[in-house]
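Residue numbering for the sequence shown follows the UniProt record's numbering, beginning at 1 and increasing consecutively.
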Amino acid sequence: MTEGDGDSIDTSCRRSPSRTVIEAVAEAEGIPTEELRPPTYASLHDIVDPEALDSLFAPRSNGTPRSDGEVSFPYCGYHVTVEADGSITLEETDDRTE
Numbered sequence: 001m002t003e004g005d006g007d008s009i010d011t012s013c014r015r016s017p018s019r020t021v022i023e024a025v026a027e028a029e030g031i032p033t034e035e036l037r038p039p040t041y042a043s044l045h046d047i048v049d050p051e052a053l054d055s056l057f058a059p060r061s062n063g064t065p066r067s068d069g070e071v072s073f074p075y076c077g078y079h080v081t082v083e084a085d086g087s088i089t090l091e092e093t094d095d096r097t098e
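Put into structure tokens, the structure is as follows:
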């Protein structure tokens, strides 16, 4: 990562999509990631297979990154969308029991 300009991203440090989802929901809830667990919150494992989610956006077998695609699912009262570029979008839902 280049210091000072803020334009470069070191992709070698990129977090997995499953970890990023947990961090995003915890931040939206205003809690530490360690508190995003049952019984108050659903386990990500109960909603989606984290390894499968991570595999969807892992580099191809030849090492090239995946340039497009997205997956969405309900989690902890949010409609979560994960995109190939690593971005996570959370939209609150009416059902806070998911």
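We put the CB at the ideal spot given by N, CA and C, even for glycine.
Small disclaimer: the values here were computed from a predicted structure and weren't measured.
Item: Rounded separation between PRO59 and TYR78 - CA only; Value: 27 Å
Item: Range covered by the alpha helix (DSSP H) that runs through LEU53; Value: 50-56
Item: C-beta contact flag for PHE57 and PRO17 at 7 Å; Value: yes
Item: Identity of the residues DSSP links to GLU92 by a beta bridge; Value: TYR78
Item: SER72 (DSSP reduced to helix, strand or coil); Value: strand
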